[in-house]
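Peer 1: Dropping a structure here in structure tokens format, bear with me for questions.
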Amino acid sequence: MLGRPTPGLCSSASAVTVGVLDPPERHPRIPRWLDDAAALSWRLLVVTAGVIVVIYALAQVRLIVLPVILALFATALLNRPTRFLRARGAPAGIAAFVMLFGSVAAVVVLVVAVAPSLAGEFGQVDDRVREGITEVTDSLSGGPLALDRKDINRALDRAQDQLGTDSGAITRHVLSGAVFVGEVVAGALLALVLTFFFLKDGGYMWRWLTGFFSGPVRHDLREIGDRGWSTLSAYLGGIAVVALVDTALISLVLIVVGVPLVVPLACLTYLGAFIPVVGATVAGLVSALVALVSLGPLEAGIVVVATFVIQQIDGDVVHPLVVGRAVKLHPVTILLSVTAGAVLAGVAGAFIAVPVAAVTSSAAAYLREKPRAAPT
49 MLGRPTPGLC SSASAVTVGV LDPPERHPRI PRWLDDAAAL SWRLLVVTAG VIVVIYALAQ
109 VRLIVLPVIL ALFATALLNR PTRFLRARGA PAGIAAFVML FGSVAAVVVL VVAVAPSLAG
169 EFGQVDDRVR EGITEVTDSL SGGPLALDRK DINRALDRAQ DQLGTDSGAI TRHVLSGAVF
229 VGEVVAGALL ALVLTFFFLK DGGYMWRWLT GFFSGPVRHD LREIGDRGWS TLSAYLGGIA
289 VVALVDTALI SLVLIVVGVP LVVPLACLTY LGAFIPVVGA TVAGLVSALV ALVSLGPLEA
349 GIVVVATFVI QQIDGDVVHP LVVGRAVKLH PVTILLSVTA GAVLAGVAGA FIAVPVAAVT
409 SSAAAYLREK PRAAPT
């Protein structure tokens with residue numbers, strides 16, 4: 049009797065099991081599309097909240113996060129020549145030291161040699177740009193467009209107020225004295241030390257970190273890390289070459305047209321190339337304004353057209369050849385990434401936005417291509 053199941057108990061257990069395995073049907077009054085949209089919405093809200101929390105947490109420890117990011121970027125640029133030295137028999141520490149501090153010494157020598165002469169020329173560029181904006185404003189208000197000068201001045205005032213607000217915030221940080229200087233020095237030293245150890249022991253560090261996870265997760269993390277690192281290295285190395293080509297072509301155009309202040313404009317063009325689309329556009333506008341004030345509207349138009357053509361050549365020919373297919377981002381993605389980075393972290397955010405987006409895209413591509421386990 050004890051070995052025979054009770055019919056009532058078995059039927060109750062079966063009902064409970066069916067209820068657990070088969071979820072209740074949707075309410076007949078709720079359309080399927082609305083139920084699916086609601087499910088997707090709350091998931092998006094959870095993901096968005098998680099991203100906001102992560103960004104806020106990283107912002108609180110920015111003195112650690114920014115040096116780590118800079119160190120990763122520097123390592124991506126110097127990793128290949130460091131491996132070249134190691135392949136020729138140099139110890140890991142010696143190879144990392146030679147590449148890192150050799151690069152730092154070269155940058156310091158270049159800055160010390162060029163900065164004094166460029167300081168005054170950048171001041172002249174600023175004056176020419178202001179004069180150019182005034183000329184453009186006069187043309188818009190008095191030309192065929194006949195725009196209201198008050199509206200133009202109001203828009204310019206808003207832009208200047210925003211710049212003044214940002215500059216005031218920066219000035220307040222600068223005037224905080226030793227704290228600000230200490231943060232900058234500490235961040236720079238931390239970035240240098242991290243770069244050295246990333247160059248020397250980066251592979252070992254990554255294997256050690258991923259070793260805490262189980263087999264399948266460890267494999268996925270290492271594959272994502274390898275792909276992301278390849279993407280970052282290809283992007284940074286490629287964008288440096290693209291910036292050189294862009295700067296050389298723009299400088300040649302400026303020299304042929306006869307635009308003054310070629311050296312500071314070339315420096316601005318090179319730095320702007322590291323912020324895709326936006327940076328090159330701003331640098332081109334600055335060059336055009338200098339040409340407008342110094343030479344006239346015809347020369348300024350030539351500079352604008354030449355800048356546009358060179359950007360197309362870079363985007364359609366040079367960039368695919370140098371970077372290859374390792375970095376595939378739509379221009380809309382680039383614009384949104386740069387905008388989001390600038391809003392969240394200013395110029396530094398705009399600079400790191402596209403590399404971060406490229407690495408994220410490579411990780412998403414791997415997860416999308418990864419075969420999913422068949423449902424049991």
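Last residue of the sequence shown: number 424 in the numbering used here, and the count goes up by one each step with no gaps. Virtual Cβ for every residue (Gly too), placed ideally from N, Cα, C.
Between Gly389 and Val404, is the Cβ-Cβ spacing less than 9 Å?
Peer 2: yes
Peer 1: What residue range does the alpha helix (DSSP H) around Ile100 cover?
Peer 2: 80-108
Peer 1: In the DSSP assignment, find the alpha helix (DSSP H) that holds Val330 and state where it starts and stops.
Peer 2: 326-342
Peer 1: Let's test the definition: count the other Cβ atoms within 10 Å of the Cβ of Gly250 and tell me whether it reaches 16, buried, or not, exposed.
Peer 2: buried
Peer 1: Please report the residue range of the alpha helix (DSSP H) in which Pro264 lies.
Peer 2: 263-305
Peer 1: Indicate the three-state DSSP secondary structure (helix, strand or coil) for Ala321 in the structure shown.
Peer 2: coil
Peer 1: Smallest Cα separation from Ala348: which of Val301, Asn127, Arg136?
Peer 2: Val301
Peer 1: Using the beta-carbon count (16 or more within 10 Å), is Val353 buried or exposed?
Peer 2: exposed
Peer 1: Alpha carbons only, please: which of Pro312, Ala85, Met147, Thr408 is nearest the one belonging to Gln172?
Peer 2: Pro312
Peer 1: What do you reckon, are the CB atoms on Leu343 and Val307 nearer than 9 Å?
Peer 2: yes
Peer 1: Inspect the beta-carbon positions of Cys315 and Leu93 and report whether they are closer than 9 Å.
Peer 2: Contact annotation: Cys315 and Leu93 have beta-carbon atoms that are not nearer than 9 Å.
Peer 1: Short check: CB of Gln359 to CB of Gly332, under 9 Å?
Peer 2: Against a cut-off of 9 Å, the Cβ pair of Gly332 and Gln359 comes out as a contact.
Peer 1: Where Leu257 and Leu280 are concerned, what is the direct C-alpha to C-alpha distance, given to the nearest angstrom?
Peer 2: 19 Å
Peer 1: Verify whether the separation of the beta carbon atoms of Ala144 and Lys248 is less than 9 Å.
Peer 2: yes
Peer 1: Here's the rule: buried if 16 or more other CB atoms are within 10 angstroms of the residue's CB, otherwise exposed. What is Ala105?
Peer 2: exposed
Peer 1: So the alpha helix (DSSP H) Phe356 belongs to, where does it begin and stop?
Peer 2: 345-361
Peer 1: How should Met253 be labelled, buried or exposed, when 16 other C-beta atoms within 10 angstroms of its C-beta is the threshold for buried?
Peer 2: exposed
Peer 1: Whole angstroms is fine: what's the gap from Ala122's alpha carbon to Val116's?
Peer 2: 10 Å
Peer 1: How close, in whole Å, do the beta carbons of Glu231 and Leu111 come, if the pair is a contact with beta carbons under 8 Å?
Peer 2: 6 Å
Peer 1: Compute the beta-carbon to beta-carbon distance between Gly273 and Arg266, rounded to the nearest angstrom, for a pair I have assumed lies under 8 Å.
Peer 2: Not quite, the Cβ-Cβ distance comes to about 10 Å (not below 8 Å), so this is no contact.
Peer 1: State the CB to CB distance for the pair Asp294 and Ala328, rounded to an integer number of angstroms; the pair is presumed to be in contact (CB under 8 Å).
Peer 2: 7 Å
Peer 1: I need the boundaries of the alpha helix (DSSP H) containing Gly394, first residue and last residue.
Peer 2: Start and end: 379-417.
Peer 1: How many whole angstroms separate the CB atoms of Val325 and Ser335, which I take to be in contact at a CB cut-off of 8 Å?
Peer 2: The pair is not a contact, with the Cβ atoms about 16 Å apart (cut-off 8 Å).
Peer 1: Leu309 by DSSP, collapsed to three states: which one?
Peer 2: coil
Peer 1: Just how far apart, CA to CA, sit Tyr283 and Ala87?
Peer 2: 37 Å
Peer 1: Tell whether a beta-carbon distance below 9 Å holds between Ala321 and Ala291.
Peer 2: The answer is yes: Cβ separation under 9 Å.
Peer 1: Taking the alpha carbon of Met147 as the point to measure from, which residue in Ala97, Leu118, Thr243 has its own alpha carbon closest?
Peer 2: Thr243
Peer 1: Taking the alpha carbon of Phe399 as the reference point, which residue from Ala413, Leu383, Ala411 has its own alpha carbon closest?
Peer 2: Leu383
Peer 1: Going by DSSP in three states, Pro139 sits in which element: helix, strand or coil?
Peer 2: coil
Peer 1: Whose C-alpha, out of Asp175, Arg131, Leu158, is nearest the C-alpha of Ala339?
Peer 2: Asp175
Peer 1: I'd like to check one pair, Leu125 with Ala239: are the Cβ atoms closer than 9 Å?
Peer 2: no
Peer 1: Which class does Phe260 belong to by DSSP, given the choice of helix, strand or coil?
Peer 2: Coil, per DSSP.
Peer 1: Quick check: Val330 and Glu183, are their CB atoms within less than 9 Å of each other?
Peer 2: In this structure, Glu183 does not lie closer than 9 Å to Val330 by Cβ.
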